[in-house]
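See structure below.
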Amino acid sequence: MSAQPDHRHRQFVRRVVLPSGKTIEVVYFEQGDHGLPSPAPSETPTELHVCGTCSSELVYPIDWEEAGASHWQVTLRCPNCEWVGTGVFEQEVVEAFDEELDRGTETLVRDLKALIRANMEEQVERFAEALENDLILPEDF
Ligand SMILES: [Zn+2]
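To convert a position in the sequence shown, counted from 1, into this note's numbering, add 36.
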């Protein structure tokens, strides 16, 4: 029995030149059959939060694990176009991504807190209104 290649996961390598002049090889595993993303010009540095398919800046990691001493294997997902890909990235690329994510998370947490506060205020107002109008009866508790 000969080993069949796994057609569900197409693999391709992209050479990325970092601003420092270092060249890294990024291995992608394309899932699904919606075609390979068009190869980006290799002179642009890898920014993991930017989607290679639709240029959305909302790409986030769904899984990651160490791949050797200075590399990480990261599975990324773009919420905009549903692109999912796994790549092996250098530590410094992942660190830059992490910083970008931290910035995004801060914004998200701030928005979420504001949202919770707004919702709570609305609920408190409704509760107070209901109390005033005797709409809350002992059996509600
Ligand atoms: Zn995308």
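Note that CB positions come from ideal geometry on N, CA and C, so glycine has one too.
Assignment of L173 by DSSP, reduced to helix, strand and coil, places it in the coil class. A distance of 7 Å or more separates the beta carbons of V130 and T82. For L151, the enclosing alpha helix (DSSP H) stretches over residues 127-168.
Per the CB criterion, closer than 5 Å to any heavy atom of ligand 1, the qualifying residues run in chain order as C87, T89, C90, S92, C114, N116, C117, W119. By the Cβ test, the segment 137-152 is not in contact with the segment 109-118, since fewer than three Cβ pairs between them sit closer than 8 Å. Look at the segment 89-117 and you find these whole runs of beta strand (DSSP E), each 3 residues long or longer: 96-102, 107-113. A straight line joining the alpha-carbon of G121 with that of W100 spans about 12 Å.
The Cβ-Cβ distance between L84 and F163 does not fall below 7 Å.
Check the Cα spacing between T89 and each of P115, E136, A166: the tightest is with P115.
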